[in-house]
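Undergrad: For the sequence shown, the working numbering begins at 20 and goes up steadily by one. Built from N, CA and C at the ideal position, the CB exists for glycine as well. Predicted model, so just to flag it, every value in this text is computed and none were measured.
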Amino acid sequence: MTLPNPPFRVAALYRFARLDDFEALRAPLAAFCCGRGIKGTLLLAHEGINGTVAGSEADIAALIDHLESIEGLAGLEVKYSSATQMPFHRMKVRLKREIVTMGVRDIDPTASAGTYVAPADWNALISDADTIVIDTRNAYEVSIGTFKGAVDPATASFREFPAWVEQHQAELVGRKVAMFCTGGIRCEKATAYVKSLGFEDVFHLKGGILKYLQEVPAEQSLWQGECFVFDERVSVSHGLVEGEAELCRACRHPLIGQDLLSPKYAAGISCPHCFDARSDEDRARYAERQRQVELAEAQGRAPHVGR
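(1) Taking the Cβ atom as the reference point for each residue, do VAL248 and LEU266 lie within a distance shorter than 7 Å?
(2) Does the beta-carbon of GLY67 have 16 or more other beta-carbons within 10 angstroms, so that it is buried, or is it exposed?
(3) Quick check on GLY56: buried or exposed, where buried means 16 or more other Cβ atoms within 10 Å of its Cβ?
(4) Assign VAL119 to one of three DSSP states: helix, strand, or coil.
(5) Between which two residues does the alpha helix (DSSP H) holding ASP301 run?
(6) How do the stretch 162-174 and the stretch 102-119 stand: do at least 3 beta-carbon pairs fall below 8 Å, yes or no?
(7) Report yes or no: do the stretch 262-279 and the stretch 287-294 share at least 3 C-beta pairs separated by less than 8 Å?
(8) Just to confirm my understanding: we take GLU185, look at its own chain, exclude 5 residues before and 5 after, and list those with CB closer than 8 Å. What are they?
(9) Candidates ASP84, ALA285, ASP125, GLY227: which alpha carbon is nearest CYS270's?
(10) If you measure from the beta carbon of VAL170 to each beta carbon in chain B, is any gap under 7 Å?
(11) Just to confirm the assignment, what range does the alpha helix (DSSP H) spanning ILE83 have?
(12) Based on Cα-Cα distance, which residue from GLY258, CYS246, ARG124 lies nearest to GLU238?
(13) Return the Cβ separation of ILE79 and ARG28 in integer angstroms, given the expectation that the two are a contact with Cβ distance under 8 Å.
(14) So VAL213 is in the beta strand (DSSP E); what residue range does that whole segment cover?
(15) Terminal residues of the continuous beta strand (DSSP E) containing VAL196?
(16) Measure the C-alpha to C-alpha separation of GLY91 and VAL255 and round it to an integer number of angstroms.
(17) Helix, strand or coil for CYS52 per DSSP?
(18) In its own chain, which residues sit with a C-beta less than 8 Å from the C-beta of THR21, not counting the 5 before and 5 after it?
(19) In whole angstroms, what separates the C-alpha of GLU219 from that of LEU191?
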């Protein structure tokens with residue numbers, strides 16, 4: 020059951036911006052967050068910042084104000100939601116080559132990203148017969164929810180997306196290309212990449228699925244299922260309320276519906292997506308880990324596994 024006023028505020032944020040001295044931001048940011056009890060992950064690279072964090076409403080507001088004051092980061096794209104329990108177990112600030120890893124050099128979303136489409140206008144675009152709608156997320160994310168009629172590239176990582184586009188270029192010719200992702204960041208790069216191939220009618224959902232689920236009423240929505248999120252809530256649905264999906268602790272695949280009823284599902288040990296790929300020895304190890312998790316929870320200690 021979702022509390023009427025959940026105690027934790029979750030902020031999914033990013034900003035593409037040139038940060039020549041991004042390494043120097045790591046320690047001060049970690050100290051800022053840890054000193055306020057904020058947990059989650061922030062990624063820093065030459066191309067900007069990306070991450071999801073959680074804390075009290077006041078502490079998250081202080082962090083956003085702090086980030087906005089850093090040269091180059093003003094104008095952050097932020098999506099807020101809430102959680103009944105702290106959805107992260109620790110705070111991490113990491114240095115990366117890319118804040119979202121595509122692996123294609125010389126792609127600059129600040130200069131060549133596609134056209135933003137507001138959530139209120141998204142339904143009309145993707146309902147147009149001349150539009151091809153592409154889900155830029157990975158297959159495990161798509162498995163629990165996507166937009167009606169969207170193409171699933173069935174990628175295991177975002178690095179595979181450029182190869183998929185190149186293989187399917189002929190299907191994009193003469194059409195509007197509409198792409199979407201969880202919070203908007205992958206689409207910034209995805210649209211910039213597609214435009215680098217010579218396509219012009221390229222669009223992406225501003226604020227991503229999270230903003231759409233927040234702003235578009237359920238009765239008008241073309242979203243089907245739940246939206247996977249990279250924290251202990253696992254998924255959210257319309258209104259950004261916590262969803263019903265669970266996470267397989269063996270393979271980290273989100274599970275819904277029939278997955279949880281499968282004889283191959285055992286909490287913390289296996290699921291239909293990984294059962295045949297794991298050995299009995301693996302499952303024995305996972306079972307012991309799950310026993311330790313349950314023991315820690317029963318004793319009121321910190322979670323034994325998590326992000």
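TA: In this structure, then:
(1) Mapped onto the sequence shown, residue 248 falls at position 229. Mapped onto the sequence shown, residue 266 falls at position 247. Taking 7 Å as the Cβ cut-off, VAL248 and LEU266 do not qualify as a contacting pair.
(2) Here residue 67 refers to the residue found at position 48 of the sequence shown. It counts as buried.
(3) Taking the sequence shown and counting its residues from 1, the one referred to as residue 56 is at position 37. Burial call: exposed.
(4) Residue mapping note: residue 119 aligns to position 100 of the sequence shown, counting from 1. Reduced to three states, the DSSP call for VAL119 is coil.
(5) Within the sequence shown, numbered from 1, the residue matching residue 301 stands at position 282. Its alpha helix (DSSP H) spans residues 299-317.
(6) no
(7) yes
(8) Walking along the sequence shown from the start, residue 185 turns up at place 166. Answer for GLU185: LEU216, listed in chain order.
(9) To locate residue 270, count along the sequence shown from 1; it is residue 251. Nearest of ASP84, ALA285, ASP125, GLY227 to CYS270, Cα basis: ALA285.
(10) No chain B appears in the structure shown, which is made up of a single protein chain.
(11) The count along the sequence shown starts at 1 and reaches residue 83 at position 64. That run of the alpha helix (DSSP H) goes 76-87.
(12) Here residue 238 corresponds to residue number 219 of the sequence shown, with the count starting at 1. The shortest Cα separation from GLU238 among GLY258, CYS246, ARG124 belongs to GLY258.
(13) Here residue 79 corresponds to residue number 60 of the sequence shown, with the count starting at 1. Here residue 28 corresponds to residue number 9 of the sequence shown, with the count starting at 1. Confirmed, Cβ separation roughly 5 Å.
(14) Your numbering for residue 213 matches position 194 in the sequence shown. No beta strand (DSSP E) contains VAL213, which is instead part of the alpha helix (DSSP H) from 204-215.
(15) Taking the sequence shown and counting its residues from 1, the one referred to as residue 196 is at position 177. First-last of the beta strand (DSSP E) with VAL196: 195-199.
(16) As a position in the sequence shown, residue 91 is number 72, starting the count at 1. As a position in the sequence shown, residue 255 is number 236, starting the count at 1. Rounded to the nearest angstrom, the two C-alpha atoms are 31 Å apart.
(17) On the sequence shown, residue 52 is found 33 positions in, with the first residue counted as 1. Helix.
(18) Here residue 21 corresponds to residue number 2 of the sequence shown, with the count starting at 1. Model confidence at THR21 stands at a pLDDT of 49, short of 50, so the residue's coordinates are unreliable; what they give is reported in the following sentence. Excluding residues within five positions, the ones whose Cβ falls inside 8 Å are THR103, VAL260, GLU261.
(19) Along the sequence shown, one-based indexing puts residue 219 at 200. Along the sequence shown, one-based indexing puts residue 191 at 172. One C-alpha to the other measures close to 11 Å.
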